[in-house]
Amino acid sequence: MASIFEEAIEELRLRKLSPGLFIPKYDGFSLPNLSNSLAKFMGAKVKGRFLKEDVFSEFKGVDRIILIIIDAMGFNVFVKSSEALRGFLEKLFLKNGSCFRVLTSVFPSTTSTALTSFNTGLTPQEHGIVAYVLFMKELSSMVNMISLSPVNDERRNRIFELGMSPERLLGVKVLTQRLRESGLRSKTLIRYGIRNSGLSTILYRDSEIVPALTTVDFATNLARLMKDGKTDFVMAYWDGFDAQSHHYGPFSQEAELELLNTFTLLKTAINQVPLKIADRTLLLITSDHGQSRVSDDKAIKLEDLKQITKHLVMPPAGESRAAYFYVKDESEGFKNIFRKAIREIVLFESLELFKKGVFGLGEANPCVSDRVGDYVALSKGEERLIFHYDLKERTEPEFVKAGAHGSLTLDELLIPLVACKASILQR
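So in numbering that gives the first Met the number 0, the last one in the sequence shown is 426, and the numbering has no gaps at all.
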């Protein structure tokens with residue numbers, strides 16, 4: 000098990016940030032590189048950094064592409080899961096005619112940042128969406144970047160009523176816009192509950208949204224889109240495995256059965272697609288990030304640590320495994336104070352992480368320095384920080400009990416990429 004991780008590190012030549020924490024490989028082995036290479040393969044005009052290895056050129060005669068993003072399906076699923084699940088995945092994907100690679104997510108390894116990186120082809124410091132809960136100085140507010148509303152506001156897209164515009168929030172074209180400009184038609188398959196709201200309104204511009212109620216709906220809709228002959232590109236995102244992993248743990252029976260069910264349904268639905276169509280369809284399967292086991296017993300409640308909170312201008316932003324701290328100007332020795340109080344979590348100066356390329360490559364968006372604060376606290380074990388913005392909302396949903404992400408452990412950082420013709424799954 001350990002050797003497979005070691006081989007992946009060696010192949011990617013990952014740089015170590017500190018023991019147990021690694022820097023994303025933005026120069027050819029990460030989500031934004033995948034996006035740019037995919038756009039180039041489809042004939043769209045694109046600038047940016049591409050995958051070091053051209054994984055698409057071997058697939059001849061395809062006229063449509065299906066990209067499936069399974070939230071939280073890290074590379075660790077192929078390594079640490081039960082023998083039954085690993086055997087199922089290997090039988091399904093590791094066949095002649097398929098390509099399997101290991102990539103890295105981004106930092107922080109969270110959905111809002113990772114999906115923005117994929118859809119823009121930019122690293123986090125370039126696009127500026129650098130947290131799940133993001134401090135937006137422009138609005139003087141902590142904003143949930145999934146719902147695009149201030150924390151504790153249950154409505155969606157509220158920031159646009161408070162003075163923010165979509166163009167100001169993300170002032171670059173996303174993948175589906177670039178494809179549209181090249182005459183390519185796209186559709187986006189996502190869960191019904193997140194259709195046309197929150198971050199989805201920003202990331203899938205110029206793409207028709209196809210909502211799915213259940214995993215069965217997701218699988219049957221995907222097969223239907225594959226057959227319709229009117230779609231060049233389908234982006235299909237599903238988050239059921241992420242939810243199960245958060246609540247029960249990333250290698251729990253509940254999480255594994257969710258993933259097994261998802262791929263069984265997808266294979267069953269794809270089996271109904273005529274071979275002629277399936278053989279012309281390139282299927283890409285990847286994830287936004289992995290997950291790490293956490294424990295409520297090891298959760299550290301920031302409100303109990305007055306020696307730390309008294310030095311803060313406001314509550315941290317970010318998330319439980321990657322928290323951003325904003326320190327009062329007159330506070331001295333904050334790093335030592337933090338390290339004495341919390342030995343299990345590693346504290347870095349934000350500037351140090353920028354210099355080491357943790358947030359990405361290229362010119363940083365001017366807003367980013369305000370958004371990440373003075374210090375960044377990263378988890379490397381089962382510990383995480385719990386902090387509230389008031390009595391109603393904490394930095395993560397209440398159902399998060401046994402799995403989390405955001406940091407830079409291998410469990411959170413490494414993600415798989417499977418590329419094959421859809422006909423491979425029909426064997």
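Think of the CB as a built atom: it goes at the ideal place given N, C-alpha and C, for glycine as much as any other residue.
No experiment lies behind these values; they were computed from the predicted model shown.
Problem - Inter-residue Cα distance where the pair is Ile-307 and Arg-383 - result: 15 angstroms
Problem - For Phe-333, the first and last residue of its enclosing alpha helix (DSSP H) - result: 333-340
Problem - Classification of Ser-36 by the beta-carbon crowding that lies within 10 angstroms, buried from 16 upward - result: buried
Exercise for the section: Identify whether Gly-361 lies in helix, strand or coil by the three-state DSSP scheme. Expected result: coil
Problem - Contacts around Leu-390, its chain only, beta-carbon distance under 6 angstroms, and the 5 residues preceding and following it disregarded - result: Residue placement at Leu-390 cannot be trusted, given a pLDDT of 49 that sits under 50; what the coordinates show is reported in the next sentence. For Leu-390, where only same-chain residues beyond five positions count, there are no Cβ hits under 6 angstroms.
Problem - Ala-298 in three-state terms, based on DSSP - result: strand
Handout entry: When Ile-145, Phe-333, Glu-381 are compared against Val-293, the one with the closest alpha-carbon
Key = Glu-381
Practice task
Indicate the three-state DSSP secondary structure (helix, strand or coil) for Ser-406 in the structure shown.
Solution key: coil
Exercise for the section: List the endpoints of the continuous beta strand (DSSP E) containing Ile-128. Expected result: Segment: none, Ile-128 is in no beta strand (DSSP E) and carries neither H nor E.
Problem - Continuous beta strand (DSSP E) assignments of at least 3 residues falling wholly in the stretch 108-171 - result: 132-135, 140-143
Practice task
Can you say whether Leu-93 is buried or exposed, counting buried as having 16 or more other CB atoms within 10 angstroms of its CB?
Solution key: exposed
Practice task
May I ask you to list the residues that DSSP assigns as paired with Val-345?
Solution key: Leu-377
Exercise for the section: Work out the CA separation of Leu-311 and Ser-185 for me, nearest whole Å. Expected result: 46 angstroms
Problem - Helix, strand or coil at Pro-415 according to DSSP, with G and I counted as helix - result: strand
Handout entry: chain D contact for Ile-22 (CB, 8 angstroms cutoff)
Key = Chain labels in this structure do not include chain D; a single protein chain is all it has.
Practice task
Answer yes if the stretch 211-228 comes into contact with the stretch 145-157, meaning at least three C-beta pairs across the two stretches below 8 angstroms, and no otherwise.
Solution key: no
Problem - DSSP-derived helix/strand/coil call for Arg-194 - result: coil
Problem - Where Gly-317 sits in the DSSP three-state scheme - result: strand
Practice task
Would you mind working out which of Ala-242, Ile-276, Ile-385 sits nearest Leu-301, comparing C-alpha positions?
Solution key: Ile-385
Problem - Leu-174 (DSSP reduced to helix, strand or coil) - result: helix
Handout entry: Of the residues Lys-354, Pro-365, Val-371, Ala-376, the one placed nearest Phe-337, counting alpha carbons only
Key = Ala-376
Handout entry: Val-326 (DSSP reduced to helix, strand or coil)
Key = strand
Exercise for the section: Kindly confirm or deny that the stretch 339-351 and the stretch 96-111 touch, where touching means at least three C-beta pairs closer than 8 angstroms. Expected result: no
Practice task
List the DSSP bridge partners of Phe-21.
Solution key: Lys-15
Exercise for the section: Can you give me the start and stop residues for the beta strand (DSSP E) that Arg-383 sits inside? Expected result: 383-385
Handout entry: Residue range of the unbroken alpha helix (DSSP H) whose run includes Pro-31
Key = 30-40
Practice task
Decide if the stretch 65-83 is in contact with the stretch 243-255; the criterion is three or more beta carbon pairs, one per stretch, under 8 angstroms apart.
Solution key: yes
Practice task
Give a yes or no on contact between the stretch 233-252 and the stretch 64-73, applying the rule of three or more CB pairs nearer than 8 angstroms.
Solution key: yes
Problem - Burial state of Gly-402 (16 or more Cβ within 10 Å) - result: buried
Handout entry: Rounded straight-line distance, which links the Cα of Leu-33 to that of Leu-66
Key = 11 angstroms
Practice task
Could you tell me how far apart the beta carbons of Gly-120 and Val-45 are, in whole angstroms, since I believe they sit closer than 8 angstroms?
Solution key: 7 angstroms
Practice task
Keeping to the same chain, check which residues put their C-beta closer than 6 angstroms to that of Glu-180; ignore five residues upstream and five downstream.
Solution key: none
Problem - Status (buried if at least 16 other CB within 10 Å, exposed otherwise) for Gly-60 - result: exposed
Handout entry: When Val-326, Leu-161, Val-132, Ile-145 are compared against Asp-238, the one with the closest alpha-carbon
Key = Ile-145
Exercise for the section: Can you check DSSP and say which residues form a bridge with Lys-186? Expected result: Glu-207, Val-233
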